[in-house]
Every structure is written in structure tokens, then in C-alpha cells.
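Visitor: Sending over a structure as C-alpha cells; questions will come in a sec.
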Ligand code: DOR
Ligand code: ZN
């Protein structure tokens, strides 16, 4: 057994503790004092559960000029993320078993962190065939990948997903509420895909979901949040919490759903602090600088963020804007629960996926620091607190803030404990 020591976030609070890690990378013991064959003492640095990012686009296979699994998961590790859930709008899109198997084969042995795959069934018949995916994604409106389905179709998909006990994450925007005008900047884009489109879509979703487990992706405003039923879950992105259309980002600030106004952003932050939003997910959606250099209307939507989600929020602990249990819940334990995977908590029997961070270690975000293949970050210059070390199943994947490992990430498959086992 080897031992890692520090101020551990255990049962909702920080305590100086020793974690004993066994051969299989699981936490075997949690004690005040433990002796091991090898010991690493992190002093008064915090040890938190590794973050679970339930919404990323690693672009692999098919769009690897923007991002790829090895590079993207190394950036994830730098940002304290030890499990990602990858969206299905890769090429070919994960709408069939063939595409799912092809993606599984393509990614094997290349990820630096553990990963979960989403599939995007386009009909009810595709649902049982895609049961090897941990969760489904449904798009109600067009965005990168053209995977949108109509509302009646979506209803059929929900009925089938309900039988499988499968989570359905939804991109909720109602295209019927989009405006026809051309946008020339993020503010124009927000006007073209207005808040009401999101609010209506979430309302529709809640009306037709039945008993399906529904998760609302990237809520951007309180009006949409107000529509999310207590029995559904939702996420917010760091860009909707930290950026708005007043920032001079041009097409780099183009994303779907759009960045909103400064006032909307304040209200969203307030709702998040108060615990009204389950999870923070990055919606890491990189595009190259060349692609983002096109005229606004033609430029692709989406921005990178997997490496900065946790560090930006961690910085807000010291400023008193956010408390630590809220952060750990939103970035680790809740997303793991939503996905139904055994991650996101420090306890005996769990994988030793750990983030070691010193809240005093403040630095400005730079393009170099996050090591994205796309070569830019919309959070450039903002204060952040990056982890000094990260462990995946007890193995260091980040040391002195830099990614040191690749390839040991594993695919997490659905737990076959649902009512479909018979
Ligand atoms: O802005 C977005 N970009 N929204 C999406 O829904 C997809 C994403 C992407 O894949 O680029
Ligand atoms: Zn997305």
C-alpha cells in the first residue's frame, strides 16, 4: 500500500488525513495516520476528489485538427479533471453501434483520464442498440454536427430511454424561437438565439419527459433554470458563469447556447452559488483560430474550457465568492451521480482519483498553460488556481502542474444494474 497525505476533503469537510491506496488504485484506508511502503506528503495542500466533466467535445475521431483524445485529456488532467464524458458529435456521429464501436476502438489506450461516451440515438429503435453508451444526448436545435431531432421524435426517444433507465442530456433551444437576423458579434448572436428559445425548450422538455432521467445541458439564464423541474438535473458552463457578450471576444465568443448579458450572468452566478444548479461542465468545444477567424456568421460555435473550469472556480474559494463543498459537489460528486458512475467522492473502495491544490497558488490563465491543440482560451488573463498534482487511480498524471502521463485512462461502461438485466 502507498500513502498520500494532505488536508483531505472527506465527508463534506477538510481534515488532515492519510489515504492508503492499494495495488488496483483504489482507496483502501482513510486514517489520521497510516504507514505505507511509499508515502507522499502534500503538507497543507488540499486533496479533493478528481473532477468529473460531464460535457466535453474531444473531436476524436474525425475532427482531430481541432482537438484529439490524447491532447484533450492531458489538458483535462492539468485542470484537475480525472473523468470526462465525451459528446457524440464526432465523425462519424455516434448514432449507430458501428460508430460507437469504431469510436471505442479508436480511443483505446490514448486517453490520459477516464472517459464515458455519449451516443445520440436519432430514433427509438436506436436506443437499445446503443446501450453500451453510458448516456444519450439529444439536440433540440442545430449546432455543430446537425444531430437535432423533432419534438415528437424526442418523445419516442425518451420513452425508449426510460425503459433502459438511461440518462438523456439535452441541448435545449427551440429553433421556432430563433430570429432570422444575421449576427455580427456575441450580442447579436444572443439576440438571434434568445433566452425565450431556451426557456420554451426546457418547458417542452419537462412536459414530455415522462419518467425518463433528463439532464439539461448548459443552462444560460435564470428564466430557463426556473423551468427545470426538481426531479431533473442541469449544468452550467464556466463561460456562461465568467463571460458575457460585453467581452471583446468576437467570433471566439460565439457559442450555442449564446453568451448572455452581464446582468443575466450575475443572476446565473447567484443561482449557482445558492445550489440551484447541479453541476459545472465545461462544454469544451474547441475550434481552430483559422475557423474562428471567419466572418462571425460563418464561424463555428463553441469554445475550449476543459482545463480552466476547476481552476477558475477554485480561485473563487479564496475570494469568498464560493464555498468548497459547493465546488466539490458541482464538479465531482454530483456529475458522477448524474452519470451513475462510481467516481467523484473520496471514500474507501472508490478509485483514488485525486486533485491536490493550494488555494494560495494564483496565476493568470495563458494559452501556453492549458496546452490546447486549438491554441487559444477565451479566459486568457483571468485569475485561476491550477492543481499542483493529480492522481488517476493512484497514479500521478500531473506533477508540478504539468501533465506527466498519457494512455492510462479507461473507458467507463454502463453499470448493468438497471432493470434491463433480466
Ligand atoms: O457551441 C456549441 N458548440 N454548441 C454545441 O452544441 C456544439 C458545440 C460544438 O461541438 O462545437
Ligand atoms: Zn456541447
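Numbering (this note's numbering), first residue to last: 2 to 423.
We treat Cβ as the ideally placed atom computed from N, Cα and C, and that holds for glycine.
#1: Whose CA, out of 12, 17, 94, 25, lies closest to the CA of residue 353?
#2: Once DSSP output is grouped into helix, strand and coil, what is the label at residue 3?
#3: Just confirm the distance between the C-beta atoms of residue 85 and residue 74, as a whole number of angstroms; I'd bet it's less than 8 Å.
#4: With residue 46 as the anchor, note down where its beta strand (DSSP E) starts and where it stops.
#5: With residue 329 as the anchor, note down where its beta strand (DSSP E) starts and where it stops.
#6: Can you tell me the Cβ-Cβ gap for residue 302 and residue 144, rounded? I've got them flagged as a contact below 8 Å.
#7: In chain order, what residues of the same chain lie with their CB nearer than 8 Å to the CB of residue 268, ignoring the 5 residues before and after it?
#8: Taking Cβ positions, are residue 117 and residue 413 nearer each other than 7 Å?
#9: Per DSSP, what are the beta-bridge partners of residue 31 in this structure?
#10: Closer than 6 Å: is that where the CB of residue 284 sits relative to any heavy atom of the ligand ZN?
#11: Can you tell me the Cβ-Cβ gap for residue 1 and residue 11, rounded? I've got them flagged as a contact below 8 Å.
#12: Look up residue 121 in the DSSP assignment and say whether it is helix, strand or coil.
#13: Given a cut-off of 7 Å, decide if residue 217 and residue 171 are closer than it, judged by their beta-carbon atoms.
#14: Within the present structure, is the beta-carbon of residue 256 separated from the nearest heavy atom of the ligand MG by less than 6 Å?
#15: Taking the continuous alpha helix (DSSP H) assigned at residue 369, which residues delimit it?
#16: Is residue 264 near the ligand DOR, judged by its Cβ being under 6 Å from some heavy atom?
#17: Run through the DSSP bridge pairs and tell me what residue 11 is partnered with.
#18: For residue 240, which of 308, 380, 415 has the nearest alpha-carbon?
#19: Is it true that the stretch 55-68 meets the stretch 18-32, where meeting means three or more beta-carbon pairs spaced less than 8 Å apart?
#20: May I ask you to check if the CB of residue 76 is nearer than 6 Å to at least one heavy atom of the ligand DOR?
#21: Please name the residue, chosen from 91, 89, 155, 270, that lies closest to residue 245 on a Cα-to-Cα basis.
#22: Please tell me whether residue 356 and residue 7 are closer than 7 Å, where the distance is taken between their beta carbons.
#23: Give me the residue from 272, 212, 254 with the minimum Cα distance to residue 235.
#24: Are the beta-carbon atoms belonging to residue 153 and residue 120 less than 7 Å from one another?
#25: Leaving out five residues before and five after residue 318 in sequence, what residues of the same chain have Cβ atoms less than 6 Å from its Cβ?
#26: For the alpha helix (DSSP H) that contains residue 79, what are its first and last residues?
#27: Roughly how far, in whole angstroms, is the beta-carbon of residue 293 from the beta-carbon of residue 187, given that I think they are within contact range, below 8 Å?
#28: With which residues is residue 159 paired in a DSSP beta bridge?
#29: Compute the Euclidean distance between the alpha carbons of residue 183 and residue 370, then round it to the nearest angstrom.
#30: Which of helix, strand or coil does DSSP assign to residue 274?
#31: Would you say the beta carbon of residue 110 comes nearer than 6 Å to a heavy atom of the ligand DOR?
#32: Should residue 173 go down as buried or exposed, given a rule of 16 or more other Cβ atoms within 10 Å for buried?
Guide: In brief:
#1: 25
#2: strand
#3: 7 Å
#4: 39-50
#5: Run containing residue 329: none in the beta strand (DSSP E); it sits in the alpha helix (DSSP H), 325-329.
#6: 6 Å
#7: 222, 223
#8: yes
#9: 20
#10: yes
#11: Residue 1 falls outside the range modelled here, since the chain spans only 2 to 423, and no answer is possible.
#12: coil
#13: yes
#14: Ligands present in the displayed structure are limited to the ligand DOR and the ligand ZN, and the ligand MG is not among them.
#15: 368-371
#16: no
#17: 14
#18: 380
#19: No, because fewer than three Cβ pairs between the stretch 55-68 and the stretch 18-32 fall closer than 8 Å, the two stretches do not touch.
#20: no
#21: 270
#22: no
#23: 272
#24: No, Cβ-Cβ distance for residue 153 and residue 120 is not below 7 Å.
#25: Once the five neighbours on either side are set aside, the close Cβ partners of residue 318 are 325, 360.
#26: 70-79
#27: The pair is not a contact, with the Cβ atoms about 12 Å apart (cut-off 8 Å).
#28: Residue 159 is not bridged to any residue.
#29: 35 Å
#30: Taken through DSSP and simplified to helix, strand or coil, residue 274 comes out as helix.
#31: no
#32: buried
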